[in-house]
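Before any comments, here is the structure.
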Amino acid sequence: MKKIIIATKNKGKVKEFRDFFAPHHIEVVSLLDLDEDIPDIEETGESFVENAAIKAEQISNRFQKTVLADDSGLVIDSLEGRPGVYSARYAGEPTDDQANIDKVLEEMKEIPEGERGARFVCVLAIAQPGQEPLFVTGYCEGHIQTEQSGENGFGYDPIFVPEGYEKTMAELDPAEKNQISHRKIAMNQLEQNIHLL
1 MKKIIIATKN KGKVKEFRDF FAPHHIEVVS LLDLDEDIPD IEETGESFVE
51 NAAIKAEQIS NRFQKTVLAD DSGLVIDSLE GRPGVYSARY AGEPTDDQAN
101 IDKVLEEMKE IPEGERGARF VCVLAIAQPG QEPLFVTGYC EGHIQTEQSG
151 ENGFGYDPIF VPEGYEKTMA ELDPAEKNQI SHRKIAMNQL EQNIHLL
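Just so we're aligned, residue 1 is where the sequence shown starts under UniProt numbering, counting upward by one.
Okay, structure coming up:
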């Protein structure tokens, strides 16, 4: 059976990728499953593609195995693309979802309804020894509402309304959210390229 290392210590993400790769008979190993502790890799890139590549290539070079890494975040048109690659730590360290939401709402308080367009972006990078990395990208288009609502999800979900919906991501049933999420769209793209693994 083929193996792929997922460059994350997030158990939720690991389960998602295990479920995704299982029908393709690819075994998923996370950073939590490895014999040595892998320190967090500094994301010094200026784009989601660069950050995903940094993580995937460093771990692939270290273990000489196929590695998948993702980088994702929220891009808001009226904020010139912010928070972008800084989505997780937009309000500073340590990372705090509520502080990030508060900062975005404060920065957008003068932005009128029709100009609040935004999208969640997810880039998956797959690094294999001796090969150029493979990238796939998923987008979930929508807009930022003026106040937060909903208890599900995490990150910016309580202020993001996906296109075609009247509710925020945090008000959607998790199964419904997972069908339209940026990560799901990226995984659909990956499925079309699974023969390259």
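We treat Cβ as the ideally placed atom computed from N, Cα and C, and that holds for glycine.
So, using beta-carbon positions, are M187 and I144 closer together than 8 Å?
-> no
Taking the alpha-carbon positions, what's the E115 to E80 distance?
-> 12 Å
Quick one: using the 10 Å Cβ neighbour count with 16 as the cut-off for buried, is P162 buried or exposed?
-> buried
Since A69 is in the alpha helix (DSSP H), which residue starts that stretch and which ends it?
-> Looking at the DSSP string, A69 is not in any alpha helix (DSSP H); the run it does join, the beta strand (DSSP E), is V67 to I76.
Going straight from the alpha carbon of Q131 to that of E27, what length do you get?
-> 20 Å
Which value, in whole angstroms, describes the spacing of the CA atoms of T95 and D77?
-> 23 Å
L68 beta carbon less than 8 Å from that of A53 = no
Any chance the stretch 178-195 sits against the stretch 117-127, with 3 or more Cβ pairs inside 8 Å?
-> yes
Distance, Cα to Cα, I38 vs Q58?
-> 11 Å
Mind checking whether G138 and F160 have CB atoms under 8 Å apart?
-> no
G12 - containing alpha helix (DSSP H), residue span | K11 to F21
Nearest to A21 (by Cα), restricted to the options D33, D173, E36 and I4 | According to the sequence as given, residue 21 is Phe; it is not Ala. The shortest C-alpha separation from F21 is found at I4.
Look at the alpha carbon of G92 and the alpha carbon of G84, and state the distance between them as a whole number of angstroms.
-> 14 Å
What distance in whole Å lies between the Cβ atoms of L197 and T44, which are believed to be in contact at a cut-off of 8 Å?
-> Going by Cβ atoms, the distance from T44 to L197 rounds to 27 Å, so no, they are not a contact pair.
Burial state of G155 (16 or more Cβ within 10 Å) | buried
Find out if the Cβ-Cβ distance for the pair N51, D71 is shorter than 8 Å.
-> yes
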